[in-house]
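Novice:
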Amino acid sequence: MLNLFKSAPRNRSRQTSRKLNNFFDDGGSTPERKHKPDYLIVIIAIILLIIGLIVMYSISPALAAAEGVSQHYFVTKQFVAIGLGLLAFVLFSYLPLKFLRRSKRTLIWLSFIMILAVHFFGEQRWIQIGGFSFQSAELVKFTVVVWAACFLFERLANSEIKSTPKTLYPILILIGLVGFFIAGLQSDLGSAGVIVAIAVVMAFAAGMPVKRLAVIGGIVAVGTVIAIASTPYRQDRLTTFLNPASDCQAAGYQSCQALIAIGSGGMFGLGVGNGVQAYGYLPEAENDSIFAIVGEKFGFVGTGAIIGLYALLFSRMRRVILHTSDAFSRLLVIGVLTWLGIQTIINIGAMIGLLPLKGITLPFISYGGTSLVFVMAAVGVVFKISRYMAYSPVRNVALTKNEEGPRDNSISGRRQRRPYYASVSGR
Amino acid sequence: MNPRLNITRVNFSNLRFNIFYSLLILILALFVVRLFYIQVIEHQTYKTAALDTQLKEYKVPAERGVIEARDGAGVVPIVLNEEVYTLFADPVYISDIEDTANKLAQITGVKAPEYEEKMNAKTRYAVLEKKLGSDVKDKIEKLAIKGVGLRAESIRTYPQGVLAAQILGFVNDEGEGTYGVEQFMDEKLRGKPGQLKAITDSKGIPLVSNRDNILKDPEPGQRLLLSVDIGMQRRAEKLLADHLKSVRSKSGSVIILDPNSGAVKAMANLPSYNPAEFYKESDASVFTNDSVNAPLEVGSIMKTLTVAAGLNEGAIKADTTFYDPAKFEIDGATVRNVEEDGGAQTRSIADILRYSLNTGAIYVLKQLGGGEINEKARKTWHKYLTEHYLFGQKTGIEQGYEAEGSIPDPVEGFGRNIKYANAVFGQGLTVTPIQFAAAFASTINGGTYYQPHLVEREKPEVRKKDVVSGKVSGELRALHENSVDKRYPFVDRAGYKIGGKTGTAEVASPEGGYYDDRFDGTFIGYLGGDKPEYVIMVRIDDPKIYGYAGSVAAAPLFGKITSMLIDNFAVSPAGE
Chain A
1 MLNLFKSAPR NRSRQTSRKL NNFFDDGGST PERKHKPDYL IVIIAIILLI
51 IGLIVMYSIS PALAAAEGVS QHYFVTKQFV AIGLGLLAFV LFSYLPLKFL
101 RRSKRTLIWL SFIMILAVHF FGEQRWIQIG GFSFQSAELV KFTVVVWAAC
151 FLFERLANSE IKSTPKTLYP ILILIGLVGF FIAGLQSDLG SAGVIVAIAV
201 VMAFAAGMPV KRLAVIGGIV AVGTVIAIAS TPYRQDRLTT FLNPASDCQA
251 AGYQSCQALI AIGSGGMFGL GVGNGVQAYG YLPEAENDSI FAIVGEKFGF
301 VGTGAIIGLY ALLFSRMRRV ILHTSDAFSR LLVIGVLTWL GIQTIINIGA
351 MIGLLPLKGI TLPFISYGGT SLVFVMAAVG VVFKISRYMA YSPVRNVALT
401 KNEEGPRDNS ISGRRQRRPY YASVSGR
Chain B
428 MNPRLNITRV NFSNLRFNIF YSLLILILAL FVVRLFYIQV IEHQTYKTAA
478 LDTQLKEYKV PAERGVIEAR DGAGVVPIVL NEEVYTLFAD PVYISDIEDT
528 ANKLAQITGV KAPEYEEKMN AKTRYAVLEK KLGSDVKDKI EKLAIKGVGL
578 RAESIRTYPQ GVLAAQILGF VNDEGEGTYG VEQFMDEKLR GKPGQLKAIT
628 DSKGIPLVSN RDNILKDPEP GQRLLLSVDI GMQRRAEKLL ADHLKSVRSK
678 SGSVIILDPN SGAVKAMANL PSYNPAEFYK ESDASVFTND SVNAPLEVGS
728 IMKTLTVAAG LNEGAIKADT TFYDPAKFEI DGATVRNVEE DGGAQTRSIA
778 DILRYSLNTG AIYVLKQLGG GEINEKARKT WHKYLTEHYL FGQKTGIEQG
828 YEAEGSIPDP VEGFGRNIKY ANAVFGQGLT VTPIQFAAAF ASTINGGTYY
878 QPHLVEREKP EVRKKDVVSG KVSGELRALH ENSVDKRYPF VDRAGYKIGG
928 KTGTAEVASP EGGYYDDRFD GTFIGYLGGD KPEYVIMVRI DDPKIYGYAG
978 SVAAAPLFGK ITSMLIDNFA VSPAGE
């Protein structure tokens, strides 16, 4: 079973042991135990990208008619976006994690600059850069994953994960900033929610006490209520969601048309070349509502398969988390998984009438260059980390203050001595 | 101790992540269940809902028939169709209303806040502008603003301007012909709309690719050719307008009718309106064609028909003379002649027409009754009014809202004798100008009542033969020409035969009785050579000049019309 990798660990065992020192002290520094990465992750991502492109191609005549652009407009742009996304993927799958850690500050500054640029020189949520619209919220999502991984790793290292001033306050500050800039300035409650969810889930996973999390939950809840109460369209969306039949014409129009699109698809769908809802009935057909178009064209078979693909992608990411011993890497993958998972759930949930509408894209499939590039960059990071997975799950145990200390390390010495690192295909 | 275990191990448990992950997968599983419910179990419901909005049945409008008119020997269009565009916006799709309003206003030249207001209204279909030309449409399309659209519609255009507006009528916003030829011929002009049952996009544009689309082509509406000669119509309208001004009247009509076919060559009414901008008129009365829609008491021109009836019945002869007492007492009322009549004396039948003797007309009525006004006289006169001259019923001319007029009953009612005595000189009964012109034409053309018409026919339709005998018709012409020669030398043109009769009618007040100071002037006459070629009916309402309205207001216009016809149109002089 292990034939393929028999030689590698043995040859490197000494070197590896030495490196471990560094590895544990300084999360994310690239260990040199590189092996085959989990190709399935990138294969699933590419399949989803292709599905999105096919759907977009099939509805492009409708989009051209509805939006007054040329037939190739959306497909061409999506093609370029996918190209850029793959570029970002390759770049981040080679970039050392150390570099990611060091670029934390740069990313944060860049996020602020882009938010301000959008505010002063762009539209409400985006700015035009070289023929592409740049959504600053997507950069912020990526930045928050990197920042939270660094931050939580440091707190874990200093055993300060339970500290109110050291851990809770910075997260509250982050939530405040996101609330002000994204939910407030950009009026993008959906993206703000995703960003906060990423940080909170990462903090939760890292072992932040439930009491502190409850404080965060309370503050977020109050903020959300204020945000909804202060804007009529959000109230509309909420009342529509709570009482869907009441308003199929005006406020509930998109939800209603999304359900009609999905429901009319039936078991096998109308076929890729058919389908009517994209012809002006369903708003944002190429973007937020693309899942409904998939439902119309490919039926339950198609929607089920896509959800299956997402679930498979998430399970591969979970495998990376379980098979990695480096806390920083694990935090990064948890962040990416949360990001993609939450967006998938919010988007599909809204389309099938289980959640209120939010302007959230469906990862990989929805139209939108910025989202695609950063999601692919994030997948690149996960792909990179998957090169360093252990063959079997690593028993990672949380260290409490009492357990802290060299002797209390519950990782068995044997495992440390004899790490079986293997690729996916090694099974 | 193994030194490797001395390191500070930074890590955390998988437990919490696993909780999150399980939740995530659970939700996705729930989604699959929900999708199964929507797509498989409730599929039919959603399919029906989809077709409800996507499948639309359309009437494909047929192109409305154009209307043409004669122009001498040629034919020119008088009503055409043009594509215009309605500019609308769906505010849901418009991101920047102010900017959009500004851009559009720059093209249309309207103030931007007007558009903003319309787009801020709670609607998904805000109509911003109507009846835009194709040049404006192209400019707006170039802007390519999402949420702004243009809808094509066909409207009527009038290459001849306001000419013959009341004859034509117009097409209202619902696409229905209203008033005039447009109303009467609506069904034929409209054609048959085609049918389209198709899956459409949200704007209602059918998706071509759908196999189940059903299309039935529309049949375009019929093209109509009017008998009206636009040159004659234009001159008649001009003469009428100028004349009304000179006699200080607000309204009047002129009909020029071909007595040998019933074709209306011109039919002018004032005041009129612009059919291209009918929606700007606040007073609907300008839409009515008073020649057809407004019956009136025609006054003394009725004597031409009274004499015709007397002659045709043999009750009088063309050369009969009789003693005229200059007044009659009937049913306790006194009927007199006009002041200048010269008192009681022996009169001829020609004098009745020449001097417009009311008592002379009553003499004819008495002769119809064998010497007195009795049931026989009334019934005979009634028979002529309704069965020979076809009054009290629609002529069937191609006009909307045609009026019938009213004829008093010969055997019922109080004061029948005085009513009938009045009727012989055109009071107490109402007739439309077209009814009268057609009836008069039948008495001087040899006795045939041709269907009066505005839409050209292959051959004239005879409504009634022998209205009067051919001999009587000849006698009548002689009488009419004689009365014109003697009294109105200003319409005398050498070589042409002109005959006619004035009328000054008292105007009935809505409260009962007649106004003391209001009279309508009328004139009926014809122009021709060996045979009458044009019958001309003139009506001038309430002219504010001194004298009898028929003589001072209507007759001069008749003179001008005949001169105009002789000068500009082929009228064959007698003896050629």
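Chain order of the listed sequences is A and B. Taking the numbering used here, I'd label the letters of the first sequence as residues 1 to 427. Taking the numbering used here, I'd label the letters of the second sequence as residues 428 to 1003. No residue lacks a Cβ here, since even glycine has one placed at the ideal position from N, Cα and C. Model, not experiment: these values are computed from the prediction.
#1: What are the residues in the region 161-181 of chain A lying within 7 Å of chain B by C-beta distance?
#2: Let's test the definition: count the other Cβ atoms within 10 Å of the Cβ of residue 742/B and tell me whether it reaches 16, buried, or not, exposed.
#3: Quick one: grab the DSSP three-state call for residue 489/B.
#4: What residues from the region 294-316 of chain A come within 7 Å of chain B, judged by C-beta to C-beta, listed N to C?
#5: Whose Cβ in chain B lies nearer than 7 Å to the Cβ of residue 430/A?
#6: Check whether chain D comes within 8 Å of residue 206/A, counting only Cβ atoms and requiring the distance to be less than that.
#7: What three-state label does DSSP hand residue 494/B in the structure shown?
#8: In three-state DSSP terms, what is residue 537/B?
#9: Let me see if you follow: with CB-CB separation under 8 Å, is residue 279/A close to chain B or not?
#10: Could you tell me which of 363/A, 368/A, 240/A and 355/A sits nearest to residue 314/A, measuring between CA atoms?
#11: Note the first and the last residue of the continuous beta strand (DSSP E) segment covering residue 952/B.
#12: On a CA-only basis, which of 155/A, 142/A and 109/A is nearest residue 196/A? Give me that one, please.
#13: Can you tell me which of 575/B, 479/B, 845/B and 720/B puts its alpha carbon nearest to the alpha carbon of residue 762/B?
#14: Can you tell me whether DSSP reads residue 880/B as helix, strand or coil?
#15: Is residue 318/A close to chain B? Criterion is C-beta to C-beta, closer than 8 Å.
#16: On the three-state DSSP scale, how would you describe residue 134/A?
#17: Would you identify the three-state DSSP class for residue 366/A, choosing helix, strand or coil?
#18: Could you run through the region 250-267 of chain A and flag, in chain order, every residue whose CB is less than 9 Å away from some CB of chain B?
#19: Sorted by chain position, which residues of the same chain lie with C-beta nearer than 7 Å to residue 968/B's C-beta, five sequence neighbours on each side aside?
#20: Anything in the region 464-477 of chain B with a Cβ closer than 8 Å to a Cβ of chain A? List those residues in chain order, please.
#21: Touch check for the region 776-786 of chain B and the region 900-913 of chain B: three-plus C-beta pairs under 8 Å?
#22: Indicate whether at least one CB of chain B lies closer than 8 Å to the CB of residue 195/A.
#23: DSSP on residue 805/B, reduced to helix/strand/coil?
#24: Is there a C-beta anywhere in chain B that falls below 8 Å from the one on residue 156/A?
#25: Exposed or buried, residue 345/A, counting other C-beta atoms within 10 Å across all chains shown (16 or more means buried)?
#26: Evaluate the contact criterion for the region 824-835 of chain B versus the region 851-859 of chain B: three or more CB pairs, one atom per stretch, below 8 Å.
#27: Under the rule that 16 or more other beta-carbon atoms within 10 Å means buried, what is residue 164/A, buried or exposed?
#28: Rounded to a whole number of angstroms, what is the C-alpha to C-alpha distance between residue 21/A and residue 97/A?
#29: Which term fits residue 158/A, buried or exposed, when burial requires 16 or more other beta carbons within 10 angstroms of its beta carbon?
#30: Residue 663/B to residue 581/B, Cα distance in whole Å?
#31: Are the C-beta of residue 578/B and some C-beta of chain A separated by less than 8 Å?
#32: Using a beta-carbon distance below 8 Å, is residue 440/B in contact with chain A?
#33: Output yes or no for whether 8 Å exceeds the beta carbon distance between residue 824/B and residue 719/B.
#34: May I ask you to report which of helix, strand or coil DSSP gives residue 836/B?
#35: Do you know how far the Cα of residue 551/B is from the Cα of residue 516/B?
#36: Excluding sequence positions up to five away, which residues of its chain have a Cβ less than 7 Å from the Cβ of residue 645/B?
Specialist: Let's see:
#1: none
#2: Start at 1 with the first residue of the second sequence, and residue 742/B comes out as number 315. Buried: at least 16 other Cβ atoms inside 10 Å.
#3: Position 62 of the second sequence, counted from the start, is the residue given in the question as residue 489/B. Three-state DSSP puts residue 489/B in coil, outside helix and strand.
#4: 295, 299, 300, 303, 304, 307, 310, 311 and 314
#5: Missing from the structure shown is residue 430/A; chain A here goes from 1 to 427 and no further.
#6: Looking at the structure shown, chain D is missing, and the protein chains on hand are A and B.
#7: For the purposes of this step, residue 494/B is taken as the residue at position 67 of the second sequence. Three-state result, residue 494/B: strand.
#8: By 1-based counting over the second sequence, the position of residue 537/B is 110. Reduced to three states, the DSSP call for residue 537/B is coil.
#9: As a working note, residue 279/A is residue 279 in the first sequence. So, interface residue.
#10: Here the question's residue 314/A lines up with position 314 in the first sequence. Looking at the Cα atoms, 363/A is the closest of the given residues.
#11: Counting from one through the second sequence, the residue named residue 952/B turns up at place 525. Unbroken beta strand (DSSP E) run through residue 952/B: 941-955.
#12: Translated into the one-based positions of the first sequence, residue 196/A becomes position 196. Taking only the C-alpha atoms, the option nearest residue 196/A is 142/A.
#13: Along the second sequence, read from residue 1 onward, the residue named residue 762/B stands at position 335. With distances taken between Cα atoms, residue 762/B lies closest to 845/B.
#14: Within the second sequence, residue 880/B is the residue found at index 453, counting from 1. Strand, per DSSP.
#15: What you label residue 318/A is simply residue 318 of the first sequence in a count that begins at 1. It does; some Cβ of chain B falls within 8 Å.
#16: Stepping through the first sequence from its first residue, residue 134/A is reached at position 134. The answer is strand: DSSP assigns residue 134/A an E or B state.
#17: Residue numbering aside, residue 366/A sits at position 366 when the first sequence is read from its first letter. In the structure shown, residue 366/A sits in coil (DSSP, three-state: anything other than H, G, I, E or B).
#18: 250, 253, 256, 257, 259, 260, 261, 262, 263, 264, 265, 266 and 267
#19: By 1-based counting over the second sequence, the position of residue 968/B is 541. Taken in chain order, the residues that qualify are 676, 677, 678, 679 and 947.
#20: 465, 466, 467, 469, 470, 472, 473, 474, 476 and 477
#21: yes
#22: What you label residue 195/A is simply residue 195 of the first sequence in a count that begins at 1. No, residue 195/A does not count as interfacial toward chain B.
#23: Residue numbering aside, residue 805/B sits at position 378 when the second sequence is read from its first letter. Three-state result, residue 805/B: helix.
#24: What you label residue 156/A is simply residue 156 of the first sequence in a count that begins at 1. With 8 Å as the cut-off, residue 156/A counts as an interface residue toward chain B.
#25: In the first sequence, the residue the question calls residue 345/A occupies position 345. Burial call: buried.
#26: yes
#27: Translated into positions along the first sequence, residue 164/A becomes position 164. Classification of residue 164/A: exposed, given that the 10 Å Cβ count is below 16.
#28: Within the first sequence, numbered from 1, the residue matching residue 21/A stands at position 21. Within the first sequence, numbered from 1, the residue matching residue 97/A stands at position 97. The predicted model places residue 21/A with a pLDDT of 40, which falls under 50 and marks its position as unreliable; any figure quoted below should be read in that light. So the two alpha carbons sit approximately 17 Å from each other.
#29: Your numbering for residue 158/A matches position 158 in the first sequence. Exposed, because fewer than 16 other Cβ atoms sit within 10 Å of the Cβ of residue 158/A.
#30: As a position in the second sequence, residue 663/B is number 236, starting the count at 1. As a position in the second sequence, residue 581/B is number 154, starting the count at 1. In a straight line, the C-alpha of residue 663/B is about 31 Å away from that of residue 581/B.
#31: The residue given as residue 578/B occupies position 151 in the second sequence. It does not; no Cβ of chain A falls within 8 Å.
#32: By 1-based counting over the second sequence, the position of residue 440/B is 13. Judged by the 8 Å Cβ criterion, residue 440/B is in contact with chain A.
#33: If you number the second sequence from 1, residue 824/B lands on position 397. If you number the second sequence from 1, residue 719/B lands on position 292. For residue 824/B and residue 719/B, yes; Cβs fall inside 8 Å.
#34: Within the second sequence, the letter at position 409 stands for residue 836/B. Reduced to three states, the DSSP call for residue 836/B is coil.
#35: Translated into the one-based positions of the second sequence, residue 516/B becomes position 89. Translated into the one-based positions of the second sequence, residue 551/B becomes position 124. Spanning the two alpha carbons is a distance of roughly 7 Å.
#36: The residue labelled residue 645/B in the question sits at position 218 within the second sequence. If we look at residue 645/B and ignore the five residues flanking it on each side, its Cβ neighbours are 487, 488, 489, 618, 619, 620 and 621.
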